[in-house]
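Per my numbering: the sequence shown = residues -12 to 56. Here a beta-carbon is modelled for each residue, glycine too, at the ideal position from N, C-alpha and C.
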Amino acid sequence: MGLLGALIVFAGEPLYSPHFASTLAWDMTPLEDQQAAGLIMWAPAAAAYLLVALWRLNGLLKPTGETTP
């Protein structure tokens, strides 16, 4: 979902034309609505990858218990 969200955020034009009329209730353009939805898809996926990467990095940086003289 991370890549798809990024593609939706950075698209230069709205991708789903039947959705054009429903954005008026939120006072947004179709492109703004699409970008907000892409960001909602992209941010949690990026956060999950970041948490796993930090967890793995923490495991790599922990001392192994062996001491050097």
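Apart from the 5 residues on each side of it in sequence, Phe7 sits with its Cβ closer than 6 Å to the Cβ of Pro17 in its chain, given in chain order.
Comparing alpha-carbon positions, the option among Gln22, Arg43 and Met28 lying closest to Leu2 turns out to be Gln22. Burial check for Ile27: the Cβ neighbour count within 10 Å stays below 16, so the residue is exposed.
Relative to Gly(-8), the option among Pro31, Glu0 and Ser4 whose CA is nearest is Pro31.
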